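Residue numbers (my numbering): 98 to 353.
All C-beta atoms, glycine included, are put in the ideal place defined by N, C-alpha and C.
Model, not experiment: these values are computed from the prediction.
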């Protein structure tokens, strides 16, 4: 492919709103993600929202989860639109608003830092690997965002009332707020060691104080000790009420 002009025709919502505008020009293969592809950005990204009519609700949910995350990091105006869309039968006007607004949010965030959009991803990527990619990306980063927000509450970066408000919107939007009751915390934290944002023995987490209020220290990331994260996850698994024994089968459904 070296030297050839590269165009992307995105055929899923997550492709149109996230991957194609984020420099993700690689393909997934067996047990790996984003390893086969090019080293440069596409010259053109073509999005046609009519194509999205051909995708399943489960696949659509992955893109809506990313759109929800982007809205949390910016002005939050899209959250109710996502809830509204999820309770209709493919409203093309709402879908166009979701795609356009999410792309604009993506561009806005990348001006701060290329990795500053990764809310929920440190937990989410580890969950994908933990479940051998049987859980899709959007479902993983959505519950990963729940974990990140719980960590923010624990560290007094977010009020519990703000967490509850956002969590209620996730539920209304029929996004994945569940986790497996058999999750091995030690194994998950070990997988988090491999996160691309980790350095000097710490995890660099994208955090928020609330809707439209991303954490900003000296960098866009909160530096977390592994022991703190492990402690959080143990407490999370003890107290969190939304756990399922049939987790893989549950998230495989079209509608949650």
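Can the beta-carbon of residue i be found closer than 8 angstroms to that of residue j?
i: residue 351; j: residue 155; result: yes
i: residue 66; j: residue 160; result: Residue 66 lies beyond the range of the chain shown here (98 to 353); nothing can be said about it.
i: residue 312; j: residue 319; result: yes
i: residue 339; j: residue 238; result: no
i: residue 213; j: residue 317; result: yes
i: residue 139; j: residue 105; result: yes
i: residue 308; j: residue 263; result: yes
i: residue 158; j: residue 266; result: no
i: residue 167; j: residue 199; result: yes
What separation, rounded to the nearest whole angstrom, lies between the Cα atoms of residue i and residue j?
i: residue 299; j: residue 220; result: 14 angstroms
i: residue 314; j: residue 301; result: 11 angstroms
i: residue 284; j: residue 291; result: 12 angstroms
i: residue 180; j: residue 141; result: 31 angstroms
i: residue 185; j: residue 281; result: 37 angstroms
i: residue 162; j: residue 147; result: 20 angstroms
i: residue 286; j: residue 328; result: 10 angstroms
i: residue 197; j: residue 118; result: 12 angstroms
i: residue 295; j: residue 288; result: 11 angstroms
i: residue 170; j: residue 206; result: 8 angstroms
i: residue 114; j: residue 330; result: 30 angstroms
i: residue 127; j: residue 195; result: 31 angstroms
i: residue 342; j: residue 334; result: 13 angstroms
i: residue 193; j: residue 152; result: 15 angstroms
i: residue 347; j: residue 107; result: 27 angstroms
i: residue 246; j: residue 131; result: 26 angstroms
i: residue 210; j: residue 259; result: 25 angstroms
i: residue 225; j: residue 189; result: 30 angstroms
i: residue 187; j: residue 321; result: 40 angstroms
i: residue 353; j: residue 274; result: 9 angstroms
i: residue 109; j: residue 176; result: 20 angstroms
Spell out the partners DSSP gives residue i in its beta bridges.
i: residue 314; result: According to DSSP, residue 314 bridges with nothing at all.
i: residue 319; result: 302
i: residue 107; result: 144
i: residue 277; result: 341
i: residue 296; result: 299
i: residue 235; result: According to DSSP, residue 235 bridges with nothing at all.
i: residue 307; result: 310
On a Cα-Cα basis, can you pick out the residue from the options that is closest to residue i?
i: residue 344; options: 303, 193, 227, 246; result: 227
i: residue 269; options: 347, 169, 183; result: 183
i: residue 305; options: 258, 249, 177; result: 249
i: residue 252; options: 310, 326, 295; result: 326
i: residue 310; options: 200, 254, 136, 333; result: 254
i: residue 134; options: 144, 127, 143, 123; result: 123
i: residue 101; options: 116, 108, 137, 107; result: 137
i: residue 337; options: 172, 243, 215, 258; result: 243
i: residue 172; options: 145, 247, 188, 201; result: 201
i: residue 129; options: 241, 349, 233, 278; result: 233
Kindly indicate if chain C contains any beta-carbon less than 8 angstroms away from that of residue i.
i: residue 190; result: The structure shown has no chain C; it contains just one protein chain.
(message) I'd like the ranges of any beta strand (DSSP E) spanning at least 3 consecutive residues and lying wholly in the region 117-204.
(response) 123-126, 129-134, 141-144
(request) Output the residue ranges of the alpha helix (DSSP H) runs that lie fully inside the region 248-277 and measure 4 residues or longer, sorted by chain position. (result) 257-269
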